[in-house]
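Chemist: Dropping the structure in here first, questions after.
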Amino acid sequence: MRRVALALLATTIITAPAEAQPARRRAPLQRQLDQALQLIEAQRARLDAQAAELAELRRRVDAQSEAVARAESAPLPQLAAAPPRAPAVAAAQGAAPGAPGDAAGVLQPPLERVGQAPEDAEQPIQLAVLDSQSSVVTRKGQLTGEFQVDYARADRSRAVFRGVELVEAVLVGVFDINESRQDVLTASAALRYGLTDRFELGVRAPFIHRADASIIAPIAGSTNNDQAATIDSSVKGTGIGDIELTARYQLLSGGNGRPYLIGNLQGVLPTGTDPFAIRRDDLGRPTRAATGAGFWGVAPSVTAILPSDPVVLFGTLGYTFNLPRDVNTRIPPVVITYVDPGDAISGSAGIGISLNQRTTVNFGYAHTWAFGTRTRTMLIEPTAAWPGERETISRDLQIGRFLFGVTYRVTDRASLNWSVEVGATEDATDLRTVLRVPVVLLTGR
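Heads up, the sequence shown is in this note's numbering, so the first residue is 6 and it goes up one at a time.
Here is the structure:
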């Protein structure tokens with residue numbers, strides 16, 4: 006028994022250290038396993054948070070996609086709400102310049118993004134070089150006022166021979182230089198109102214200061230007294246000009262490569278000083294300059310505006326009817342009984358380039374073919390050679406102008422349209438420059 010007990014004790018002493026060694030080895034492994042499990046739990050929490058953020062982003066993208074789809078399926082807005090990037094091509098008189106005025110991206114404003122500043126407010130297309138056809142139709146309920154100042158200058162010089170030609174190149178008489186100058190400064194106010202999104206009415210009232218100078222002077226040395234032979238017929242006139250009434254209708258809505266097509270109808274009322282009614286001296290020369298044409302006029306036209314970011318292409322085609330009338334004006338030695346001013350065909354074309362959200366430049370060319378004026382006259386004291394009325398027709402006029410304009414949008418409601426016309430043909434005015442300031446008085450809607 007003693008031997009058995011001693012054997013058991015020896016066995017216990019030998020095996021106890023062997024069992025303690027694995028336990029000591031397992032403790033660090035357990036700690037590493039616990040740390041790994043903690044890292045896995047942290048990663049799982051991060052993945053859950055990222056999945057939630059991804060779901061939120063997907064929800065926002067879906068909401069924006071639905072908004073874009075609704076905007077694309079909605080009816081096209083009227084042109085007056087087009088953003089300024091569709092150049093304010095600001096008129097002539099819209100402002101408009103301007104066109105006026107300011108054509109691309111006309112369907113809808115861009116979507117705002119987080120961290121991105123919103124685009125400028127929408128502005129109508131304006132073309133500074135197109136005057137009263139310078140923009141698309143004013144939207145319903147919108148009232149636009151416009152102030153305009155323009156200056157025109159025409160200067161002509163011709164050599165005239167008064168005398169007798171004995172044989173070829175042998176002249177006996179006097180050579181005169183006929184110099185004529187005309188300066189016209191006009192300030193006008195206009196209003197345009199949108200009855201519907203497609204139909205607009207407008208009125209323009211000008212106030213004119215005009216100075217005409219016509220000097221016939223002999224070439225130096227061709228007479229014994231050059232100063233005495235000089236004839237100076239210079240006159241000035243100030244007053245209201247011919248009032249213009251306009252109606253414009255949008256025939257086609259633009260966008261997606263299609264042009265805006267606008268029909269225009271302009272009526273001219275002879276409210277200015279009638280050139281046939283002003284007082285004259287004994288030689289028939291006027292004592293003041295006329296501020297009106299003296300005739301009623303009707304001018305239908307069509308304007309096309311094609312936005313193609315960042316440019317706008319534009320063109321107009323029109324016809325002017327000038328109504329004839331009896332004038333019965335005495336200009337010795339004749340009496341003018343009847344005048345039929347010639348009608349005219351006009352057209353223009355050009356391009357507007359958007360430099361940024363506020364500034365647009367326009368370039369173009371305009372041409373007018375004015376038919377000759379038919380005039381009936383008779384002598385105050387009839388003769389056998391001229392017993393009654395005679396009818397004469399003046400030559401046609403070809404009036405071509407190069408156009409340049411700039412439109413700058415000052416605020417969401419106001420812009421500056423400046424344009425310059427330079428005569429390209431002999432019959433055209435040498436220079437005309439126009440500054441227009443269209444301002445939205447009532448926004449409508």
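Ideal Cβ positions, reconstructed from N, Cα and C, are used throughout, including at glycine.
Count the other CB atoms within 10 Å of the CB of F300; is the residue buried (16 or more) or exposed (fewer)?
Modeler: Position 295 of the sequence shown holds residue 300. So F300 ends up on the buried side.
Chemist: Quick one: Cα of L318 to Cα of A194, how far?
Modeler: The residue you call residue 318 lines up with position 313 of the sequence shown. The residue you call residue 194 lines up with position 189 of the sequence shown. Those two C-alpha atoms are separated by around 28 angstroms.
Chemist: In whole angstroms, what separates the C-alpha of R418 from that of E249?
Modeler: Start at 1 with the first residue of the sequence shown, and residue 418 comes out as number 413. Start at 1 with the first residue of the sequence shown, and residue 249 comes out as number 244. Taking the straight line from one Cα to the other gives about 24 angstroms.
Chemist: When burial is assigned at 16 or more other CB atoms within 10 Å of the CB, is S306 buried or exposed?
Modeler: Counting from one through the sequence shown, the residue named residue 306 turns up at place 301. Under the 10 Å beta carbon count, S306 is surrounded by 16 or more other beta carbons and is classified as buried.
Chemist: Using a 10 Å radius around the Cβ and a threshold of 16 neighbouring Cβ atoms, would you call V344 buried or exposed?
Modeler: Sequence index remark: in the sequence shown, residue 344 carries index 339 (1-based). Its Cβ being crowded by 16 or more others within 10 Å, V344 is buried.
Chemist: Across which residues does DSSP place K465 in a beta bridge pair?
Modeler: Missing from the structure shown is residue 465; the chain here goes from 6 to 450 and no further.
Chemist: Just the Cα atoms here: how many angstroms apart are L360 and V425?
Modeler: If you number the sequence shown from 1, residue 360 lands on position 355. If you number the sequence shown from 1, residue 425 lands on position 420. About 19 angstroms.
Chemist: Comparing alpha-carbon positions, which option in R65, L270, V154 lies nearest P211?
Modeler: What you label residue 211 is simply residue 206 of the sequence shown in a count that begins at 1. The candidate whose alpha carbon is nearest that of P211 is V154.
Chemist: Quick one: using the 10 Å Cβ neighbour count with 16 as the cut-off for buried, is I385 buried or exposed?
Modeler: Translated into the one-based positions of the sequence shown, residue 385 becomes position 380. Label assigned to I385: exposed.
Chemist: Going by the beta-carbon positions, is the gap between A295 and T321 smaller than 7 angstroms?
Modeler: Residue mapping note: residue 295 aligns to position 290 of the sequence shown, counting from 1. Residue mapping note: residue 321 aligns to position 316 of the sequence shown, counting from 1. No; because the gap between Cβ atoms is not below 7 angstroms, this pair is not in contact.
Chemist: In the structure shown, what three-state DSSP assignment does D39 receive?
Modeler: Against the sequence shown, residue 39 aligns to sequence position 34. The answer is helix: DSSP assigns D39 an H, G or I state.
Chemist: Can you tell me whether A429 is helix, strand or coil according to DSSP?
Modeler: Taking the sequence shown and counting its residues from 1, the one referred to as residue 429 is at position 424. Coil, per DSSP.
Chemist: Per DSSP, what kind of secondary structure is Q362 in: helix, strand or coil?
Modeler: Taking the sequence shown and counting its residues from 1, one reaches residue 362 at position 357. Coil, per DSSP.
Chemist: What does the alpha-carbon distance come out to for the pair A268 and I310?
Modeler: Position 263 of the sequence shown, counted from the start, is the residue given in the question as residue 268. Position 305 of the sequence shown, counted from the start, is the residue given in the question as residue 310. The amino acid at residue 268 is misidentified as Ala; the sequence shows Gly. Rounded to whole angstroms, G268 to I310 spans 12 angstroms at the Cα level.
Chemist: What is the rounded straight-line gap between the Cα of R400 and the Cα of A433?
Modeler: Against the sequence shown, residue 400 aligns to sequence position 395. Against the sequence shown, residue 433 aligns to sequence position 428. About 14 angstroms.
Chemist: What would DSSP say about V141, mapped onto helix, strand or coil?
Modeler: Position 136 of the sequence shown holds residue 141. In the structure shown, V141 sits in coil (DSSP, three-state: anything other than H, G, I, E or B).
Chemist: From which residue to which residue does the beta strand (DSSP E) around E396 run?
Modeler: Position 391 of the sequence shown, counting from 1, holds the residue named residue 396. For E396, the enclosing beta strand (DSSP E) stretches over residues 395-398.
Chemist: Reducing DSSP to helix, strand and coil, say where P33 ends up.
Modeler: Residue mapping note: residue 33 aligns to position 28 of the sequence shown, counting from 1. P33 falls in the helix class under three-state DSSP.
Chemist: Taking Cβ to Cβ, would you say I350 is nearer than 7 angstroms to G289?
Modeler: Sequence index remark: in the sequence shown, residue 350 carries index 345 (1-based). Sequence index remark: in the sequence shown, residue 289 carries index 284 (1-based). Against a cut-off of 7 angstroms, the Cβ pair of G289 and I350 comes out as no contact.
Chemist: Got a sec? Which residues, its chain only, sit under 6 angstroms from Q187 by beta carbon, not counting five neighbours each side?
Modeler: For this step, residue 187 is matched to residue 182 along the sequence shown. Around Q187: A159, D217.
Chemist: In or out: S353 buried (at least 16 other Cβ within 10 Å) or exposed?
Modeler: Here residue 353 refers to the residue found at position 348 when the sequence shown is read from its first residue. When all chains shown are included, S353 counts as buried.
Chemist: Can you round the beta-carbon distance between W423 and V411 to whole angstroms, since I take them to be within the 8 angstroms contact cut?
Modeler: For the purposes of this step, residue 423 is taken as residue 418 along the sequence shown, with counting starting at 1. For the purposes of this step, residue 411 is taken as residue 406 along the sequence shown, with counting starting at 1. Right, the Cβ-Cβ distance comes to about 5 angstroms (below 8 angstroms), so this counts as a contact.
Chemist: Indicate the three-state DSSP secondary structure (helix, strand or coil) for D435 in the structure shown.
Modeler: In the sequence shown, counting from the first residue as 1, residue 435 sits at position 430. In this structure, D435 counts as coil in the three-state DSSP scheme.
Chemist: So, helix, strand or coil for L328, using DSSP?
Modeler: Position 323 of the sequence shown holds residue 328. Residue state, collapsed to three classes: coil.
Chemist: Run the CB neighbour count on P443, radius 10 Å, all protein chains shown included, and call it buried at 16 or more, exposed below.
Modeler: In the sequence shown, residue 443 corresponds to position 438, counting from 1. That one is buried.
Chemist: Under a three-way DSSP split, which group does Q98 fall into?
Modeler: Within the sequence shown, the letter at position 93 stands for residue 98. With a pLDDT of only 36 at Q98, under 50, the local geometry of the prediction cannot be trusted, and no value is derived from it.
Chemist: Roughly how many whole angstroms lie between the Cα atoms of E5 and D39?
Modeler: The structure shown does not extend to residue 5, since the chain is modelled only from 6 to 450, so the question has no answer here.
Chemist: Across which residues does DSSP place P305 in a beta bridge pair?
Modeler: Reading the sequence shown from its first residue, position 300 is the one you call residue 305. Answer by DSSP bridge pairing, in chain order: L270.
Chemist: How big is the Cα-Cα spacing for K145 and R379?
Modeler: Within the sequence shown, the letter at position 140 stands for residue 145. Within the sequence shown, the letter at position 374 stands for residue 379. Rounded to whole angstroms, K145 to R379 spans 43 angstroms at the Cα level.
Chemist: Any idea if Y324 is buried or exposed, counting beta-carbon neighbours within 10 angstroms, 16 or more meaning buried?
Modeler: Here residue 324 is taken as the residue at index 319 of the sequence shown, counted from 1. With fewer than 16 other beta carbons inside 10 angstroms of its own, Y324 counts as exposed.
Chemist: Beta-carbon within less than 7 angstroms of V172's beta-carbon, same chain only, minus the 5 sequence neighbours each way: which residues are those?
Modeler: To locate residue 172, count along the sequence shown from 1; it is residue 167. With a pLDDT of 40 at V172, under the threshold of 50, the modelled position of this residue cannot be trusted; read the value that follows with caution. Nothing listed; no residue qualifies.
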